[in-house]
Structures are given as structure tokens and as C-alpha cells.
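**Student:** Quick one: structure below, then a few questions.
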Amino acid sequence: MTASTDMNNAAVALNRFGLGVRPDEPLPRDGKAWLLEQFGRYEPTPAVWSSQPTGASLIADYAETQKAIRQADTTTEPGLRKNLRERTQDQYRAAVAARVSMALNSPAPFAERLVHFWANHFAVSIDKQPLATLAGAFEAEAIRPHIFGKFEDMLLAVERHPAMLVYLDQARSIGPESMAGQRAARNKPDGKRGLNENLAR
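So the sequence shown is numbered by my numbering: it starts at 23 and just counts up by one.
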């Protein structure tokens with residue numbers, strides 16, 4: 023191979039399959055080998071992500087705060103809402119910082135590009151509360167562990183994650199003949215309830 027061919031292979035590996043060249047790394051001599059080596063270097067739960075709270079703990083904290091807001095009087099309720107907004111923003115910023123850190127510093131940029139691809143494919147919108155809080159945990163728990171595994175495992179992790187369940191309104195989906203559905207019908211006969219088909223689509 024000529025030097026120009028080697029350079030072209032390196033550029034393709036770095037830019038098409040990776041996240042671009044890093045200033046502290048030499049260009050790979052063999053683009054294909056450089057990509058394949060990353061399978062062993064990829065960390066599904068690197069230190070920057072392992073310090074983040076889990077989706078289960080975040081949704082439990084959110085539910086507890088919402089309960090406190092519902093039970094609060096008019097003097098304390100605005101403060102609780104403000105605190106929840108601030109915590110949500112802090113958690114979202116921490117998750118974004120973790121993602122950027124991995125994109126800049128990962129020893130396996132090919133794997134990180136796959137993380138970005140699948141996180142975008144199974145995207146959730148942060149416009150709906152509490153998804154701004156859960157977006158980072160969704161990527162860390164449902165996407166990162168499965169990028170080199172079976173698609174089926176990733177799909178199941180994605181559709182069962184609290185972030186996706188909230189995004190698709192599955193948290194409010196109840197069977198009309200279930201105990202919860204019958205109780206809701208007794209308490210609010212004219213209320214709208216039933217199975218939500220968003221996840222099935």
C-alpha cells in the first residue's frame with residue numbers, strides 16, 4: 023500500500039466509523055485493525071457513567087417529589103416545583119457532560135459512535151417530564167450495554183426502560199378490565215382510560 027492509501031484508510035476509519043482524530047493520538051496505520059481492536063477496549067459502564075444515578079432511582083425520586091407537590095399547601099408548592107426543575111436540569115447537564123466526555127476521551131470511538139447511533143434511533147424527547155432526568159440513564163442502561171450484543175436484547179432493554187415507558191405514555195396505560203381499570207371506572211366513570219398502543223406501534 024502507498025502512504026496516500028494508508029492515509030485514506032485511516033481517514034475513513036476515523037471519520038466514517040469513529041468520531042474524528044484526537045490530537046493526542048497518532049493516525050492508525052491500519053484503519054480496519056484499529057476499528058476491530060476497539061471491540062475489546064469498549065467500556066459499557068465507564069467511570070463517568072457509573073457515578074450517575076440509575077433510572078429506577080430517578081423515577082422513584084420524581085414520583086416521591088410529585089407526591090409531595092400534590093400534598094403541599096400553596097406556600098410550599100412553588101418551592102418544591104422550583105427545586106424539582108433545578109434538580110432535573112442538573113441531572114440532564116451531568117448526563118450531557120458524561121456523554122461529551124466519552125466522545126472526547128473514549129479509547130473506543132467506534133463504539134461511542136454506535137452508542138450515538140442507537141440512542142438517536144431509539145430517541146426519547148426531553149420535552150416531557152421527567153424525561154430530561156431520565157435521558158442519560160436511558161442511554162447508559164438500555165443502549166450502552168448492548169451495542170456489541172444481540173439487537174433483541176437492546177430492543178427489550180429499550181422498551182422496558184422507564185424513559186421509554188414514560189415517553190410513550192405507557193405509565194398511564196391500563197387494561198379496562200384490570201383491577202386498576204375497574205377502580206378508575208368506579209372513581210371517575212366519564213374518565214378516559216384504557217390500553218395505550220404506542221409501544222406496539
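Backbone N, C-alpha and C define an ideal beta-carbon position, used for all residues, glycine too.
Is the beta carbon of residue 71 within less than 7 Å of some heavy atom of the ligand GDP?
**Tutor:** Questions concerning the ligand GDP fall outside what the structure shown contains, since it holds no ligand whatsoever.
**Student:** Less than 8 Å between the C-beta atoms of residue 155 and residue 80, yes or no?
**Tutor:** By one-based count along the sequence shown, residue 155 stands at place 133. By one-based count along the sequence shown, residue 80 stands at place 58. Contact flag set, yes.
**Student:** Residue 120 and residue 88: beta carbons closer than 8 Å?
**Tutor:** Locating residue 120 in the sequence shown gives position 98, counting from the first residue. Locating residue 88 in the sequence shown gives position 66, counting from the first residue. Taking 8 Å as the Cβ cut-off, residue 120 and residue 88 do not qualify as a contacting pair.
**Student:** Which same chain residues, not among the five before or five after residue 33, have their C-beta less than 6 Å away from its C-beta?
**Tutor:** Sequence index remark: in the sequence shown, residue 33 carries index 11 (1-based). Excluding sequence neighbours, residue 33 sits near nothing in its chain.
**Student:** Is the beta carbon of residue 160 closer than 8 Å to that of residue 201?
**Tutor:** What you label residue 201 is simply residue 179 of the sequence shown in a count that begins at 1. What you label residue 160 is simply residue 138 of the sequence shown in a count that begins at 1. Taking 8 Å as the Cβ cut-off, residue 201 and residue 160 do not qualify as a contacting pair.
**Student:** With a threshold of 8 Å, are at least 3 pairs of Cβ atoms found where one atom belongs to the stretch 128–139 and the other to the stretch 54–66?
**Tutor:** Contact between the stretch 128–139 and the stretch 54–66 is present, because at least three Cβ pairs lie under 8 Å.
**Student:** If you draw a straight line from the C-alpha of residue 220 to the C-alpha of residue 194, how long is it?
**Tutor:** For the purposes of this step, residue 220 is taken as the residue at position 198 of the sequence shown. For the purposes of this step, residue 194 is taken as the residue at position 172 of the sequence shown. Those two C-alpha atoms are separated by around 12 Å.
**Student:** Alpha carbon to alpha carbon, how far is residue 97 from residue 163? Give it in angstroms, no decimals.
**Tutor:** Looking up residue 163 in the sequence shown gives position 141. Looking up residue 97 in the sequence shown gives position 75. About 38 Å.
**Student:** Ignoring anything shorter than 4 residues or poking outside the stretch 28–78, list the alpha helix (DSSP H) runs there in chain order.
**Tutor:** Counting whole runs of 4 or more residues, the stretch 28–78 contains the alpha helix (DSSP H) stretches 53–63 and 69–72.
**Student:** State the DSSP-derived secondary structure class of residue 95, mapped to helix, strand or coil.
**Tutor:** Within the sequence shown, numbered from 1, the residue matching residue 95 stands at position 73. It is coil, neither helix nor strand.
**Student:** Just checking my contact of residue 144 with residue 64 at CB under 8 Å: how many whole Å lie between their CB atoms?
**Tutor:** Locating residue 144 in the sequence shown gives position 122, counting from the first residue. Locating residue 64 in the sequence shown gives position 42, counting from the first residue. With a Cβ gap of about 19 Å, residue 144 and residue 64 do not count as contacting.
**Student:** For residue 83, which of 149, 113, 212 and 182 has the nearest alpha-carbon?
**Tutor:** Position 61 of the sequence shown, counted from the first residue, corresponds to residue 83. Considering only alpha carbons, the answer is 113.
**Student:** Going by the beta-carbon positions, is the gap between residue 179 and residue 117 smaller than 8 Å?
**Tutor:** Residue 179 sits at position 157 when you count from the first residue of the sequence shown. Residue 117 sits at position 95 when you count from the first residue of the sequence shown. Result no, Cβ atoms of residue 179 and residue 117 do not sit closer than 8 Å.
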